[in-house]
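If you count the sequence shown from 1, position 46 lands on 45 in numbering that gives the first Met the number 0, and the numbers rise without skipping.
Notes follow once the structure below has been shown.
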Amino acid sequence: MSDFERLSEILKPYAEILNTKIWLCEKIGKRLSCIARAGEETYSESYVVYEDQKYVLFAERELSDDEKVKAEEIIRAVEKARG
0 MSDFERLSEI
10 LKPYAEILNT
20 KIWLCEKIGK
30 RLSCIARAGE
40 ETYSESYVVY
50 EDQKYVLFAE
60 RELSDDEKVK
70 AEEIIRAVEK
80 ARG
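So this is what it looks like as structure tokens:
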């Protein structure tokens, strides 16, 4: 299983809970590299729902404050999986 597939598996339950497509990008200099995604595509506008020095998490809808806590959980789970 590739790193992309493994990390996407981590995102799947969160995409279901949040009921939106989410994708995670890693910052590499001035560029973003998609490292995982999950959820059903709706071809709607994307929103930055979490950003730190290393990662940007996008969703196809804005998240409430309670849901943003889940976004932080996603980042922690990915960091743990990547070591």
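We treat Cβ as the ideally placed atom computed from N, Cα and C, and that holds for glycine.
Applying the criterion that 16 or more other CB atoms from any shown protein chain within 10 Å of the CB defines a buried residue, is Phe3 buried or exposed?
The Cβ neighbour count for Phe3, taken over all protein chains shown within 10 Å, is under 16; the residue is labelled exposed.
Between Glu66 and the rest of its own chain, which residues show a CB-CB distance below 7 angstroms, the 5 nearest in sequence each way excluded?
If the five residues before and after Glu66 are omitted, its C-beta is found closer than 7 angstroms to the C-beta atoms of Leu17, all from its own chain and listed in chain order.
Quick check: Leu62 and Ile74, are their CB atoms within less than 9 angstroms of each other?
Pairing Leu62 with Ile74 gives a Cβ-Cβ distance that is not under 9 angstroms.
Give me the DSSP bridge partner(s) of Glu25.
In the DSSP secondary-structure assignment, Glu25 is bridged to Ser32, Tyr54.
Top-ranked residue by Cα proximity to Glu15, from Arg36, Gly28, Arg30, Lys26:
Cα-wise, what sits closest to Glu15 is Arg36.
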